[in-house]
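J.: Residues 1 to 69 (the UniProt record's numbering) are what the sequence shown spells out, left to right.
Even for Gly, the Cβ is constructed at its ideal location relative to N, Cα and C.
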Amino acid sequence: MSRMVIAIFLFFMAYQLFTQLMATTRSIGQALYSVVYVTVPNSTVAQQIARYLFFFFAFLKVKFLFLQK
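1) Alpha carbon to alpha carbon, how far is residue 60 from residue 44? Give it in angstroms, no decimals.
2) Quick one: what's got a C-beta closer than 8 Å to residue 33's C-beta in the same chain, skipping five residues either side?
3) What's the call for residue 57, buried or exposed, on a 16-neighbour Cβ count within 10 Å?
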């Protein structure tokens with residue numbers, strides 16, 4: 001019984017850590033997107049860089065999701 005409680009507790013802690021990591025990754029991606037979009041003078045270049053950043057962080061999120069399985 002105690003092993004089951006420990007396993008459930010560890011699963012819950014891992015899930016919370018993973019959720020916080022994904023929220024942090026999303027926040028960093030949005031912040032970089034905003035900074036690049038505002039600071040790069042050429043809007044086309046800024047859009048392209050922002051797209052690359054968005055897809056990079058989306059890739060990281062998917063990669064972490066598959067590592068959990």
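T.: According to the data block:
1) 25 Å
2) 50, 53 and 54
3) buried
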